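All remarks here apply to the structure that follows.
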Amino acid sequence: DANRQFGKFVENGYEGWITEGDSNDVPLMSHRVLPSVLPKVIEDADGRPVYLVVIDNLRMDQWAIIEPLLNDSFRTAENRSYLSILPTSTQYARNALFAGMMPADIKRGTPHYWRTEDDEGSKNQFEDKLLEGLLGRLGIEGKASYHKVTNLATGRKLVDSFHETKGEVLTTVVYNFVDMLSHARTEMDVIKELADDEAAYSGLTLTWFEH
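According to the numbering used here, the sequence shown is numbered sequentially starting from 686.
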């Protein structure tokens, strides 16, 4: 029943949320997250490093389990939710997040960074360029870097070179593991056995995060 009610909520409001622009009455959505958050966060940091960490396909219940592990090193100042644009798939929603624009605007303004459904290869291979463009439009100056961790090898490479991020105004790290896990949960027998129910699935995410 909750899912049906939420579906109606989105169906009834989505067009208005997109066309009305920024307003207190409009839910925060993918393409408005970084433009509304980053400038103030970087300003308040007053020269201290800022890290943008995106864990693709992480659910709210999974975040609730891993958040306590961060308490020794980080202080969570605020927990805010936002609504994904539609479609919610990476090609649309994550590109919109990093570009600070709707997909149609990305395609119109930077067609060389947009991939259609029929194009081969990764549909989000230009996130670093889209983020670079957004930082420029927001007037955020200084060195920034983008890192995508898709496997253990790229994770270790990032650890070994992390000292190079010193002095950056923004360091962005994207983790794809949870997204890979969610797909494997329906496709691989061994993962089906390990993540048979929601508690087991969340527990598997916790194990990954801990190690």
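Here a beta-carbon is modelled for each residue, glycine too, at the ideal position from N, C-alpha and C.
Model, not experiment: these values are computed from the prediction.
Taking the C-alpha atoms as reference points, what is the distance between Tyr736 and Glu802?
Position 51 of the sequence shown, counted from the start, is the residue given in the question as residue 736. Position 117 of the sequence shown, counted from the start, is the residue given in the question as residue 802. If I take the Cα positions, the gap works out to 31 Å.
Just reading off the beta strand (DSSP E) that Lys833 is part of, what are its end residues?
Counting from one through the sequence shown, the residue named residue 833 turns up at place 148. Residues 829-834.
Boundaries of the alpha helix (DSSP H) in which Thr839 is found, first to last residue:
Along the sequence shown, read from residue 1 onward, the residue named residue 839 stands at position 154. Thr839: member of the alpha helix (DSSP H) spanning 837-846, first to last residue.
Looking at the strands, I want to know which residues DSSP matches up with Tyr736.
Reading the sequence shown from its first residue, position 51 is the one you call residue 736. Paired residue(s): Thr856.
Assess, as a yes-or-no matter, whether the stretch 830-840 is touched by the stretch 785-801 under the definition of 3 or more beta carbon pairs within less than 8 Å.
Output reads no: the stretch 830-840 does not touch the stretch 785-801.
Three-way DSSP call (helix, strand, coil) for Met714 in this model:
The count along the sequence shown starts at 1 and reaches residue 714 at position 29. It is a strand residue.
Extent of the continuous alpha helix (DSSP H) run through Lys693:
Working through the sequence shown from its first residue, we reach residue 693 at position 8. For Lys693, the uninterrupted alpha helix (DSSP H) run begins and ends at 687-705, by DSSP.
With 16 other Cβ atoms within 10 Å as the buried cut-off, status of Ala789:
As a position in the sequence shown, residue 789 is number 104, starting the count at 1. Result: exposed.
What number of angstroms, rounded off, separates the C-alpha of Val722 from the C-alpha of Ile791?
The residue given as residue 722 occupies position 37 in the sequence shown. The residue given as residue 791 occupies position 106 in the sequence shown. Rounded to whole angstroms, Val722 to Ile791 spans 20 Å at the Cα level.
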